[in-house]
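Mapping to numbering that gives the first Met the number 0: the sequence shown position 292 is 291, numbers consecutive.
Notes follow once the structure below has been shown.
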Amino acid sequence: MGISNNTETEETTHQQEVTKKKGGLRTLPFIIANETFEKVASFGLLANMMVYLLDQYHFKVTTGVSILFLWTALSNFTPIVGAFLSDSFFGRFHVILIGTLVSLMGMIVLLLTAILPYARPPYCPQTARPNCATPNMNQRLLLYFSFFLMSIGAGGIRPCSMAFGADQVNRPENPNNERVLQIFFNWYYASVGISLMVAVTVIVYIQDKVGWVPGFGVPVGLMLFSTVMFFLGSSLFLNKACIIKSPSKDITPEGLATDPWSLCTVRQVEELKALIKVLPIWSAGIIIAAAINQHSISLTQARAMNKHLTPHFEIQPGSFTVFSLLALTLWVAIYDRAIVPLMSRHFTNRPNGLSFKERMGIGLVISCLATSVAAIVEQKRREKAVMHGEIMSAMWLIPQYSLGGLAEAFNAIGQIEFYYSQLPKSLASIAVALFSLGMGFGNLVGALLVKIVDDSSTKGGRLSWLDDDLNKGRYDYYYWLLTLLGFFNFLYYCLCSWGYGSCEERSMWDEEVNGVEKGKENIDDQELPKSKESSIVFAT
0 MGISNNTETE ETTHQQEVTK KKGGLRTLPF IIANETFEKV ASFGLLANMM VYLLDQYHFK
60 VTTGVSILFL WTALSNFTPI VGAFLSDSFF GRFHVILIGT LVSLMGMIVL LLTAILPYAR
120 PPYCPQTARP NCATPNMNQR LLLYFSFFLM SIGAGGIRPC SMAFGADQVN RPENPNNERV
180 LQIFFNWYYA SVGISLMVAV TVIVYIQDKV GWVPGFGVPV GLMLFSTVMF FLGSSLFLNK
240 ACIIKSPSKD ITPEGLATDP WSLCTVRQVE ELKALIKVLP IWSAGIIIAA AINQHSISLT
300 QARAMNKHLT PHFEIQPGSF TVFSLLALTL WVAIYDRAIV PLMSRHFTNR PNGLSFKERM
360 GIGLVISCLA TSVAAIVEQK RREKAVMHGE IMSAMWLIPQ YSLGGLAEAF NAIGQIEFYY
420 SQLPKSLASI AVALFSLGMG FGNLVGALLV KIVDDSSTKG GRLSWLDDDL NKGRYDYYYW
480 LLTLLGFFNF LYYCLCSWGY GSCEERSMWD EEVNGVEKGK ENIDDQELPK SKESSIVFAT
């Protein structure tokens, strides 16, 4: 046993020496650059993709909306797989690397659809749109293949980038470790915000005003630069591939678990119970995910409206998403700096101001307001166009975009913090994955809803509510349907929230189970007094 203890000590010392040589703040420019350019490229393509599908592939509005819903859903599901593969098999570095390369391949395939004339239907002017040729099977498959590759790539990048960056700067022995981590997270989120702003403005402008080839070529160039930056920093990265807490007790000389069945401890049973407990509240986030992801429909509205902010400045349809981002960003800053201190001192006596469940509920209410405002604006737009032949200003879309961003600020952030606080630390990755799953299912519900509305409204030879001609369709009815679903979803959420009980009470079990298992570990140590538990991190 003495030899075993010495070996473990030597391995731990070796890993600590490797850790000092790798990682640190010097790696952050490479990681943040990789994340920034990937975000600009991927979201720049998504923001204006509806226009590409309508103008270049001649899809119906309902078909284009469904395609984007399904693409977004897949991009929300694949990060779950990516997180599992990185934590269980390959490590974050290799998963990010593979994801970056696959995303680059997907963007190149999408660029080819814009370059090669036979990769899409022949050109057809908007005046002849109902009679335009639709894409054949091969053209569809090439387009879908590019979406599939980009979704797979997103599954490797999105769940791992932030955690991989935190791995580089996390030094528990450093007295300033908490401050260093805070600096990293601040820069990380700032880079994401800037990336999204650039994506929905600059990239969209290039696509609309310069053309689709440069509009897709610029994201490919940015993604290539992102890949190169990640490769350049590879020799500096600390790659935490595997963590073993107690080699002498947990694994055999062959590297296998000594007692696989003992993994199902009291703690793990309680973890499963905590996870099941939050699922009803999680399910209430699916409808709001479908409601706030109606950008493709809103973009179609903007195309039929006057987009001039001034006589000489026009906002592109795909760029209206920037108002959602601005509302979300500004509210988070105001809430954190002004509202939380005020409420915690004078109203709630809680350090976080509003509780997690209160914020989620407010987000659900605001999402209903957003869809009802969208319905009213569309009703007025249609009346002006049909009755008076007037083109309404697209600036009237700003309130619904802003309310959508505000709803996301309340509900989405509240969800993530709720899951993170109510689940034990060992399920931290599951907490983030739950939100991603909810978004994925929300997009599936959105695609299903579009299909149901289109099929139901066309019965008896009537025109679809979501007809390609907005003046003939009834998009306002569609928004009122979303409002009604949101209202019933809010009532369902209130019931689930009441049944869940106090958030503070739900977190107490963690301490109790920790005490039970700590006592069990003490007994084990008494039985094996010479064994020494250590933490070994294999770094490359």
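In this text, a Cβ means the ideal position worked out from N, Cα and C, and glycines have one as well.
Determine the direct distance from the alpha carbon of Leu-73 to that of Thr-35, and round the result to whole angstroms.
In the sequence shown, residue 35 corresponds to position 36, counting from 1. In the sequence shown, residue 73 corresponds to position 74, counting from 1. When rounded, the distance between both Cα atoms is 21 Å.
With 16 other CB atoms within 10 Å as the buried threshold, where does Phe-434 fall?
Along the sequence shown, one-based indexing puts residue 434 at 435. Looking at its Cβ environment, which holds 16 or more other Cβ atoms inside 10 Å, Phe-434 is buried.
Is His-307 closer than 9 Å to Ser-366 when the C-beta atoms are compared?
Sequence index remark: in the sequence shown, residue 366 carries index 367 (1-based). Sequence index remark: in the sequence shown, residue 307 carries index 308 (1-based). Not closer than 9 Å, so no.
If you draw a straight line from the alpha carbon of Ile-205 to that of Gln-55, how long is it in whole angstroms?
For the purposes of this step, residue 205 is taken as the residue at position 206 of the sequence shown. For the purposes of this step, residue 55 is taken as the residue at position 56 of the sequence shown. Answer to the nearest angstrom: the Cα atoms are 16 Å apart.
Would you kindly work out how many angstroms separate the C-alpha atoms of Leu-45 and Leu-148, rounded to a whole number?
Residue 45 sits at position 46 when you count from the first residue of the sequence shown. Residue 148 sits at position 149 when you count from the first residue of the sequence shown. Using only the alpha carbons, I get a separation of about 14 Å.
Identify every run of the beta strand (DSSP E) within the region 288-371, keeping only runs that are complete inside it and at least 3 residues long; order them along the chain.
For the region 288-371, whole beta strand (DSSP E) runs of length 3 or above, ordered along the chain, are 307-309.
Please classify Ser-282: does DSSP put it in a helix, a strand, or coil?
Against the sequence shown, residue 282 aligns to sequence position 283. Ser-282 falls in the helix class under three-state DSSP.
Using alpha carbons as the reference points, say which of Asp-454, Ser-455, Gln-414 and Val-452 lies closest to Gly-437.
Counting from 1 along the sequence shown, the entry for residue 437 is found at position 438. Cα-wise, what sits closest to Gly-437 is Gln-414.
Under the rule that 16 or more other beta-carbon atoms within 10 Å means buried, what is Met-359, buried or exposed?
Locating residue 359 in the sequence shown gives position 360, where the first residue counts as 1. Counting Cβ neighbours within 10 Å, Met-359 comes out buried, since at least 16 surround it.
Quick check on the DSSP output: what are the complete alpha helix (DSSP H) runs of length 4 or more inside the region 39-118, in order along the chain?
Counting only runs of 4 or more, we get 48-54, 60-84 and 91-114.
Taking the beta carbon of Ile-338 as the centre, do at least 16 other beta carbons fall within 10 Å, making it buried, or is it exposed?
Position 339 of the sequence shown holds residue 338. Exposed is the call here.
By a C-beta neighbour count over all protein chains shown, 10 Å radius and 16 as the cutoff for buried, is Val-268 buried or exposed?
Taking the first residue of the sequence shown as position 1, residue 268 is located at position 269. With fewer than 16 other Cβ atoms within 10 Å, it is exposed.
I need the straight-line Cα distance from Thr-62 to Leu-443, nearest angstrom please.
Start at 1 with the first residue of the sequence shown, and residue 62 comes out as number 63. Start at 1 with the first residue of the sequence shown, and residue 443 comes out as number 444. Approximately 14 Å, taken between the alpha carbons.
Kindly list the residues whose CB is nearer than 6 Å to the CB of Glu-520, restricted to its own chain and excluding five residues on each side of it in sequence; keep chain order.
As a working note, residue 520 is residue 521 in the sequence shown. The predicted model places Glu-520 with a pLDDT of 46, which falls under 50 and marks its position as unreliable; any figure quoted below should be read in that light. Excluding residues within five positions, none has a Cβ falling inside 6 Å.
Would you identify the three-state DSSP class for Ser-392, choosing helix, strand or coil?
The sequence position of residue 392 within the sequence shown is 393, counting from 1. In the structure shown, Ser-392 sits in a strand (DSSP, three-state: E or B).
Would you tell me roughly how many angstroms separate the C-alpha atoms of Ser-456 and Arg-25, rounded to the nearest one?
Translated into the one-based positions of the sequence shown, residue 456 becomes position 457. Translated into the one-based positions of the sequence shown, residue 25 becomes position 26. Going from the Cα of Ser-456 to the Cα of Arg-25 covers about 58 Å.
For the pair the region 484-502 and the region 377-395, tell me if three or more CB-CB distances fall below 8 Å.
In short, these stretches do not touch, since the Cβ pair count stays below three.
Enumerate in chain order the residues of its own chain whose CB-to-CB distance from Tyr-474 is below 6 Å, with the five nearest sequence positions on each side excluded.
Start at 1 with the first residue of the sequence shown, and residue 474 comes out as number 475. Same-chain partners within the cutoff: Glu-377.
Are three or more beta carbon pairs between the region 400-412 and the region 317-333 nearer than 8 Å?
Yes, the region 400-412 touches the region 317-333.
Hey, how far is the Cα of Leu-447 from the Cα of His-57?
If you number the sequence shown from 1, residue 447 lands on position 448. If you number the sequence shown from 1, residue 57 lands on position 58. Roughly 21 Å separates the two Cα atoms.
With Leu-52 and Gln-300 assumed to form a contact (beta carbons below 8 Å), what rounded beta-carbon distance in angstroms separates them?
Within the sequence shown, numbered from 1, the residue matching residue 52 stands at position 53. Within the sequence shown, numbered from 1, the residue matching residue 300 stands at position 301. No, Leu-52 and Gln-300 are not in contact; Cβ-Cβ is about 16 Å, not under 8 Å.
Short check: CB of Pro-218 to CB of Gly-43, under 9 Å?
By one-based count along the sequence shown, residue 218 stands at place 219. By one-based count along the sequence shown, residue 43 stands at place 44. Yes; because the gap between Cβ atoms is below 9 Å, this pair is in contact.
Measure the Cβ-Cβ separation of Tyr-419 and Ala-283 and say whether it is below 9 Å.
Walking along the sequence shown from the start, residue 419 turns up at place 420. Walking along the sequence shown from the start, residue 283 turns up at place 284. Cβ atoms of Tyr-419 and Ala-283: not closer than 9 Å.
Going by Cα to Cα distance, which pick from Ser-41, Phe-355 and Thr-370 is closest to Glu-416?
Along the sequence shown, read from residue 1 onward, the residue named residue 416 stands at position 417. The shortest Cα separation from Glu-416 among Ser-41, Phe-355 and Thr-370 belongs to Phe-355.
Tell me where the alpha helix (DSSP H) around Ser-463 begins and ends.
As a working mapping, residue 463 is identified with position 464 in the sequence shown. Run containing Ser-463: none; DSSP gives neither H nor E here.
Buried or exposed for Leu-363, going by 16 or more other Cβ atoms inside 10 Å?
As a working mapping, residue 363 is identified with position 364 in the sequence shown. Classification for Leu-363: buried.
Which of helix, strand or coil does DSSP assign to Leu-122?
The sequence position of residue 122 within the sequence shown is 123, counting from 1. In the sequence on display, residue 122 carries Tyr and not Leu. Here Tyr-122 sits in coil by DSSP.
Provide the residue span of the alpha helix (DSSP H) that contains Arg-139, from first to last.
For this step, residue 139 is matched to residue 140 along the sequence shown. Where Arg-139 is concerned, the enclosing alpha helix (DSSP H) stretches over 136-156.
May I ask you to verify whether the region 141-157 touches the region 98-106, counting CB pairs closer than 8 Å and requiring at least 3?
Contact holds: three or more Cβ-Cβ distances are below 8 Å.
Given this structure, state the Cα-to-Cα distance separating Thr-77 from His-345, to the nearest angstrom.
On the sequence shown, residue 77 is found 78 positions in, with the first residue counted as 1. On the sequence shown, residue 345 is found 346 positions in, with the first residue counted as 1. Approximately 44 Å between the Cα atoms of the pair.
Of the residues Tyr-143, Ile-193 and Tyr-477, which one's Cα is nearest the Cα of Gln-293?
Walking along the sequence shown from the start, residue 293 turns up at place 294. Checking every option, the nearest Cα to that of Gln-293 belongs to Tyr-477.
Determine the burial state of Glu-37: buried for a count of at least 16 other Cβ atoms within 10 Å of its Cβ, exposed for fewer.
As a first step, residue 37 is located in the sequence shown; it is residue number 38 there, counting from the start. Classification for Glu-37: buried.
For the alpha helix (DSSP H) holding Ile-412, just list the boundary residues, first then last.
Counting from one through the sequence shown, the residue named residue 412 turns up at place 413. Element bounds for Ile-412: 397-421.
By the 10 Å Cβ neighbour count, where 16 or more other Cβ atoms means buried, how is Glu-172 classified, buried or exposed?
Taking the first residue of the sequence shown as 1, we reach residue 172 at position 173. Label assigned to Glu-172: exposed.
With Phe-144 and Val-108 assumed to form a contact (beta carbons below 8 Å), what rounded beta-carbon distance in angstroms separates them?
Position 145 of the sequence shown holds residue 144. Position 109 of the sequence shown holds residue 108. With a Cβ gap of about 6 Å, Phe-144 and Val-108 count as contacting.
On the criterion of 16 or more Cβ atoms from any shown chain inside 10 Å, does Ile-333 qualify as buried, or is it exposed?
In the sequence shown, the residue the question calls residue 333 occupies position 334. Result: exposed.
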